[in-house]
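Per UniProt numbering, the very first residue in the sequence shown carries number 1; after that it's consecutive.
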Amino acid sequence: MSLEEWVEQRYARPVVVVEGSPAADAICARNGMDLIHLLRLHSVYRGGPLSARVRDRSDTVVCNQFGVRLMRTECVRNVALSQVTRHTRRLLRNAAAIDLAYGEQLDAALAEIVEKNRSRHNGSLPRPVRPTQPSTTSSSSASSTIIGGPAAVPTLLERACPTWHRSFIRDFHSLVRCSSFDTIDYPIGVLFAASTTEAGGVEGIFQVFRAQARRIQELCASLPGMDTELHQYYLILHDNTSPLSPSLSTARQVLTAVQQFYGVNYCALVKVNSVVDPRTVKNLDPSMWIEASPAVMDVPSAQALHQAAAAASSLPSGSPTLSFRTLHGTCGTWPNSNTAIITGCYMSPEDVTEVHNVMAYYLSQSLFRFVERRLSMLDVSVQDRRTTTLGKMAAWFKGKDEVRPRTADVVNKPNGFDSPALPKYVAHSLEMQMRHCGDLSLALHDLKGAVSYYRMCIEELLETLTLRPYNRALIAACQEGIGVAQLLQGKLATQSLTPWYTGVTSATQRVSSQTNRWEVAWNDYLAAGTQTYATRIAFLLYESSRVRTPPMLDRCHAILMHLQRSGILRRQNLLSGVVNDMMAGIAAFTNPPFSAGLAVTLSIPRDYPVYMSLRQFAQRLQQAGALYRADNSIEQALRCYLRVLELLRVIDPQETWKTLTEHLYLTVGQLYTQLGQDVRGIALRSAAIAQGTPLYRNPATAQQAFEDFWAQQKRVLSSMGYALCPHMPMPRILRDSFHVDRNYYSTDALTDDAAHKMSETTAETEWRSMEKHLKKSYTETVLRAHPRYRFPAFQGGSKDRSHGAAHRRQSQSGQSTHDGCRHTTYNSHQRNAAVRAHGGALSPPLPAVSREAGAHQDDDVLAVAGTTSGSTAQLSRHYTIAKAEPLVLNFVMENTVGCSIEATELTLLYLDYASPEQLWKSSMTQAVRLEAGARQRVSLPFDLVSEGEYAIIGLSWSLLGQEGYYYFATRESRPGCPESLYEYAIEHPMPSLDAPENIQVSVTSSKACVTATFRPPLPEHLYDGEYFHTNLIVQNTSAQQDAAHVVLQRSPVASHLMYIEEFGRLQNLKREAPLVLAEHLKAQETRTFAVTIRPQHRRGDTARQNTPNYFFLLLAYLPEPLSVPEMSLPGSASVPGVETPSITPPTGSLSSTAMLSPTSPLHRQFHTPTAPVVALSAASGPTIMVRLHRLLRRCEVQPVVAMHSTVLPPANASLQTAVVLTVKNISPTAERTPISATLVTAIISKGGEPTSITPTSATDVVQAVPVSSSGPVSRL
């Protein structure tokens, strides 16, 4: 319905009161409605134009669609402001559900526009914003791109101004009615209705009519300005199917009797309810009755409520509040059935036509003619009594001050319910008769006549304005009527940008000026102190500016600003909230091409320049939410705060505005709690705590606030039946920090630290080179003889890795292909199974392994075939470990509150595939104490001792007496909303075994695990050329499984010297050749090898400037002993040359296994290039991978000495020629104490007897070395 149509319905359709008897209402109640609902459907005459002539010399007036507003007697008079607020609150509550859904569409539209146009520098938006740039490829594509734009801009327009704004304005306008100066709502007629089933027959019907007439007289007495000449019409209802109803002939006799008393043209018989059994026929659509009877038309007046309350107080039990039936699609269920009763089910199409014909005759032939006659009579009276220039001259000649007395036309309102109030004009006063003429002219659609009468009334009122200041309200009402007539004529002037200045002019200009009449009326209402009517006309001005094409939103904003500044809504929280809501809609889209809510939706170009003020939009919505909340309109307050919160997430994704974020989170959480949605309330507060908002981060308030939240969470979870918290909000888990510590190479902390200091890329390059050498020799000597064993693919990073060896202990399962084919690795940032900081699932970002049929994929079986070139392989979160092998989950816990907390009993949660209904906890627990704002990395081992398939699904810990879980599969049900993480956890408390976020672990039988270390450890600093003696300790840490073929590979490019005493000089010199440490290493057995290390300072060697200080050792071994057939070496069934002398191991090691002899066959195969190799047949069973162990140590090698030589000639014939070496200590004194010189200068005599000479200083030493080789040589 357009604004003009609604204004015509509101102002140009007079009020007719309907008085129905209880029996008549009972007939209509069979259809789920009252009598007035039955008649409202036909309250407009659509049978053609009606003609009327008001004055003898005037033109004929044509009225199209003459209609009335049918009202109850209790709903005619003015409505209290509390009733207006109650109805508005109900309207907003009914629209809350759909408004929340539409609000999400508004959020999506704003997000799309903002994200596409955000500045890269400061996040601001350009002015204007172009949502999508037009296409310039071709004319056809451009036209298809521009026309019928995307959903963002139309959605922004429609959702920024929801439909309930228009409904609120019209309902508010309809509820503010029937004051002493607003006569447009005064009734002009009455419809009396009785039933043929009234007790007493015809006489009983007359008694009903007389009782109804008395009620109308009381109504007229309460409205002194109401015209006493009311049109009266009488209806007699007859139920065709009720067993209580008389026959149709009797009903007609009753009609005849009533017509004889009241007149033939003023009575009618209405026959309804012709359907005998509604369940056997198709019912009529009830929407036609529902649409014709909006709820706003049945809001009782303040006086009716007061009378009902007085009557209820006189009764002992009291009575419910006065209210009336509201139409719905159904009105209950049939007896002994769940079938709904359709509203209007007893009405047949013939019955609807019968009611329509009766009402059409009443409107066109009875009421319309009455209005025509009554207007003519009032016009004659007005013309005779009005104050004209000739009348004033006649009064002057007669010596009178005025033509007629002024005081007789005004009466004071008696003391009663609605006093104090202004004095009123009575119905027979000239001013009131002029006003009635204007109202009746509007009813007849005589717009020019209405404007003439209203201006005439204004002139009359202005003459006595100084004596009667209460005339201003009636002047404002006449100005409003002139504006209505001009709007319907299409002549209403455009509103001004400064409406507060309109009307501040002289009286003559106010009457004849071409300014907007509603603005003049607005200021007159404000001057008269009628604030409610001022608010009503302000909303009418706003709506008239909004629906223009294009909308004048700048005028709308000026009107609403004037309404706020006037102060009339200072104590009206609900109305103030609506005003701020409207202003927020204006700020969201300030230059729309057309108004929202059109019946036919128009298209908007894709590149339409959009002007918006997001800051003002958020500010107005936040103010509206606060006002709604103060008025206890929780749903609307929640909607406003949610819109601001979502907009904040778009503008500030990182939520750096902590104070605003906290206010929104806490307020929205409290609103959800007030609505009974405790889950979302707790989720919002949990999100606020996780974000570290100021209330929880400030040390002065953190302790109390956090304890209050924790107590509330426990109370809510307990009321829901939860003994545990499904998702612990504190300490906060940084989901990006999750990774699994697989430690494929069994490295220790010193190895990881050394790789990190060296540059992990350089370390990985060295490890790759060493593995290549070891793989070649190990394959030729061991694996070719035992086909079911394979050498693993390189587990390090690719060439572009930024992390290397240290992360091998943090990696997931690697990938490779058979026979040296291309293998896939992943970057260091992919090692973490992580998610975004705002939540999301703990999902693997790594590629999945592509498997061959029958291949078993785990951390050891890494050979994968079938990977197509260019295909993206996905790596699953599946790990295969042996019993007692390490598998550690690492993550970071953060304390975001301003007080210290301690999480106790922190452990892993896992499920067993054999019994998935049972949830298990790891036996290893920890207690983590976090100070305010602190972070700490936590490592939890997975310590299973039984074989099987498991899934690690989360964590468990206790905090402040509350135990709770943290499932990896918990995800955000709404992306970008951190509170949805907690909602999802509470709504899905049961763990999921098949969730992709879970970590699947296969525990197999125990395997050998060989590790090595130096004891004593290498010092941090060594001098160049200094000898350091240590032991290489090799140990099988497995408690059950033996290891076989333990081989050591050294770095062939290392600058230092390493000598292992158990091997000869030649073997130690061949750095690229591996050393066989043991053919068989039993469980828990330890081997000790004496090692001498001599570091060398290679300052001038720039090619190896990163490696001189690092000691790389790589061990390879078989994780289980060879079977009996495989124990024979290739070439023969028995090898006679195998020697296994028993060497006593060091204390603490087992001595049951012999040390490998340098003459053993395995040793000869490693060091004899021509050794024959005969492959045995592959043993049955799965493929087993060779295991590797990395050992890396770091020490700083510093220069210690400098030497130069001098050739001395023989001093005498008894001496030989000697070389003098000068040794100086140049070691930095700050790092180590200078060494003292203990050597002396030696000069060799001719007879071979050395002569000693004491050096001059302890730091300077000179020694003579003979040139000839005949004499002995001293060593330094």
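We put the beta carbon where it would ideally sit given N, CA and C, even for glycine.
Predicted model only: the values in this text are computed from it and were never measured.
Burial state of residue i (16 or more Cβ within 10 Å)
i	result
Arg-836	Because the pLDDT of Arg-836 is 31, which lies under 50, any placement of that residue in the model is unreliable, and the question is left without a value.
Leu-315	exposed
Tyr-1027	exposed
Asn-31	buried
His-436	buried
Lys-757	exposed
Gly-416	Annotation note: pLDDT 46 at Gly-416 (below 50); position unreliable, coordinate value reported separately. Exposed, by the Cβ-count rule.
Asn-265	exposed
Glu-917	exposed
Pro-353	It should be noted that the sequence gives Thr, not Pro, for residue 353. Thr-353 should be labelled exposed.
His-829	Reliability fails at His-829, whose pLDDT of 32 lies under 50, so the model's placement of it is uncertain and the value that follows must be treated cautiously. Exposed, by the Cβ-count rule.
Thr-667	buried
Phe-66	buried
Tyr-967	buried
Leu-724	exposed
Leu-248	exposed
Gln-704	exposed
Gly-48	exposed
Ser-980	buried
Helix, strand or coil at residue i according to DSSP, with G and I counted as helix
i	result
Lys-775	helix
Gln-677	coil
Trp-957	strand
Val-17	strand
Cys-63	strand
Glu-894	strand
Phe-791	coil
Cys-1009	coil
Pro-694	helix
Arg-974	coil
Leu-1075	strand
His-1189	strand
residue 1278	Given a span of 1 to 1276 for the chain in the structure shown, any question on residue 1278 remains unanswerable.
residue 1277	The structure shown does not extend to residue 1277, since the chain is modelled only from 1 through 1276, so no value can be given for it.
Supposed close pair residue i, residue j - CB separation, criterion 8 Å
i	j	result
Thr-896	Ile-604	Incorrect: roughly 44 Å between the Cβ atoms, too far for contact.
His-557	Met-359	Their Cβ separation, rounded to whole angstroms, is 44 Å, which puts His-557 and Met-359 out of contact at 8 Å.
Leu-447	Gln-514	Incorrect: roughly 17 Å between the Cβ atoms, too far for contact.
Val-1186	Ala-1116	5 Å
Asn-516	Ala-493	5 Å
Residues that DSSP places opposite residue i in a beta bridge
i	result
Lys-271	His-238
Phe-370	Answer is none; Phe-370 lacks a bridge partner.
Ile-999	Ile-952
Gly-189	Val-16, His-231
Tyr-1027	Answer is none; Tyr-1027 lacks a bridge partner.
Asp-277	Asp-277 pairs with nothing; no bridge assigned.
Trp-920	Tyr-910
CB contact flag (residue i, residue j, <8 Å)
i	j	result
Ala-521	Glu-480	yes
Ala-308	Leu-327	no
Pro-128	Val-610	yes
residue 1280	Ala-882	The structure shown does not extend to residue 1280, since the chain is modelled only from 1 to 1276, so the question has no answer here.
Cys-75	Asp-298	yes
Ser-900	Ala-932	yes
Glu-1085	Asn-1031	no
Leu-671	Ile-634	yes
Gly-577	Arg-166	no
Cβ of residue i within 8 Å of any chain B Cβ
i	result
Val-1034	Absent from the structure is chain B; it holds one protein chain and no more.
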